[in-house]
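Asks: Using the working numbering, read the sequence shown as starting at 3 and increasing by one per residue. Virtual Cβ for every residue (Gly too), placed ideally from N, Cα, C. A quick note: this is a predicted structure, and the numbers were derived from the prediction, not measured. Pasting in a structure now, in structure tokens, and then I'll have a few things to ask.
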Amino acid sequence: MAHIGALPKVHRYITAHNDEGKAIFSGAFDEESKMKANDDGIAFALSFATKGFPANMDKDKDLDVYAGYLKDAPGLVIAGGTVLRHVDIPPETECTMHRTVSLDYGCVLEGEVELLLDSGEKRLMKRGDVAIQRGTMHQWINHSKTEWTRMLFVLQESKPLKIAGEAVGEELAGMAGVRSSD
Numbered sequence: 003m004a005h006i007g008a009l010p011k012v013h014r015y016i017t018a019h020n021d022e023g024k025a026i027f028s029g030a031f032d033e034e035s036k037m038k039a040n041d042d043g044i045a046f047a048l049s050f051a052t053k054g055f056p057a058n059m060d061k062d063k064d065l066d067v068y069a070g071y072l073k074d075a076p077g078l079v080i081a082g083g084t085v086l087r088h089v090d091i092p093p094e095t096e097c098t099m100h101r102t103v104s105l106d107y108g109c110v111l112e113g114e115v116e117l118l119l120d121s122g123e124k125r126l127m128k129r130g131d132v133a134i135q136r137g138t139m140h141q142w143i144n145h146s147k148t149e150w151t152r153m154l155f156v157l158q159e160s161k162p163l164k165i166a167g168e169a170v171g172e173e174l175a176g177m178a179g180v181r182s183s184d
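See below:
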């Protein structure tokens, strides 16, 4: 599946401070957040990531953390951190049903996508819609025959989940190109 040019490039602008304390745009990274397609055609970009709460921005320590994750990509969630990720879903494509132990905000930027829960409940999400994903088993499905979907996700680790008295963990069901979280 071709991805190049299907959706506009993602530009993210990271701010910093100059020696006089004035706000500037950081030159530490290319302003284009690079999309990388997995075997199933779904493409991910790690647009920013942090480790530790609160984030330590003194002397650009958070930029060093992000640089490390660009070299060695994290799982979907970073223990004790946050993840900002863009995800492009090709037409007629679905990810596997999965769960992360995290609180996720998923916003549709382009196209439409169905959010299917393991109970069978579903919602068709359109541009501007947001899902607050709270450790549930779910699946993203792009039913369009021609249009791509782009989503923006912010993920934050949560405390371990107990559902119906049972402890549950991350369940990725072999998602293409995705490793287990730290």
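Given 8 Å as the limit, is there contact between the segment 133-153 and the segment 106-114, that is, 3 or more CB pairs closer than that?
Replies: With a cut-off of 8 Å, the segment 106-114 and the segment 133-153 count as touching, because enough Cβ pairs lie within range.
Asks: From the DSSP output, which residues share a beta bridge with Val-79?
Replies: None, per the DSSP bridge assignment.
Asks: Count the other C-beta atoms from every protein chain shown that fall within 10 angstroms of the C-beta of His-13, then say buried if there are 16 or more, exposed otherwise.
Replies: That one is exposed.
Asks: Starting from Tyr-107, trace the beta strand (DSSP E) in both directions and tell me its first and last residue.
Replies: From DSSP, the beta strand (DSSP E) with Tyr-107 extends over 104-112.
Asks: Exposed or buried, His-88, counting other C-beta atoms within 10 Å across all chains shown (16 or more means buried)?
Replies: The residue is buried, with at least 16 neighbouring Cβ atoms inside 10 Å.
Asks: Need the endpoints of the beta strand (DSSP E) that Leu-65 sits in, please.
Replies: Run containing Leu-65: none in the beta strand (DSSP E); it sits in the alpha helix (DSSP H), 63-73.
Asks: For Asn-40, count the other beta carbons within 10 Å of its own beta carbon; 16 or more makes it buried, fewer makes it exposed. Which is it?
Replies: Its Cβ having fewer than 16 others within 10 Å, Asn-40 is exposed.
Asks: Looking only at C-alpha atoms, which of Met-177, Ser-160, Met-127 sits nearest to Val-170?
Replies: The shortest Cα separation from Val-170 among Met-177, Ser-160, Met-127 belongs to Ser-160.
Asks: Opposite Lys-124 in the DSSP bridges: which residues?
Replies: DSSP lists Leu-118 as partners of Lys-124.
Asks: Does the contact criterion of 3 or more C-beta pairs under 8 Å hold for the segment 48-59 versus the segment 74-91?
Replies: In short, these stretches touch, since the Cβ pair count reaches three.
Asks: Can you give me the Cβ contacts of Leu-86 inside the same chain, cut-off strictly under 6 Å, excluding the 5 residues immediately before and after it?
Replies: Ser-49, Phe-50, Val-156, listed in sequence order.
Asks: Based on Cα-Cα distance, which residue from Glu-168, Pro-10, Glu-149, Gln-158 lies nearest to Thr-95?
Replies: Of the candidates Glu-168, Pro-10, Glu-149, Gln-158, the one whose C-alpha sits nearest the C-alpha of Thr-95 is Glu-149.
Asks: So what's Asp-60 in DSSP terms, helix, strand or just coil?
Replies: Asp-60 falls in the helix class under three-state DSSP.
Asks: Please report the distance separating the alpha-carbon of Asn-144 from that of Asp-66.
Replies: Whole-angstrom Cα-Cα distance: 35 Å.
Asks: Are the beta-carbon atoms belonging to Lys-38 and Ala-47 less than 8 Å from one another?
Replies: The answer is yes: Cβ separation under 8 Å.
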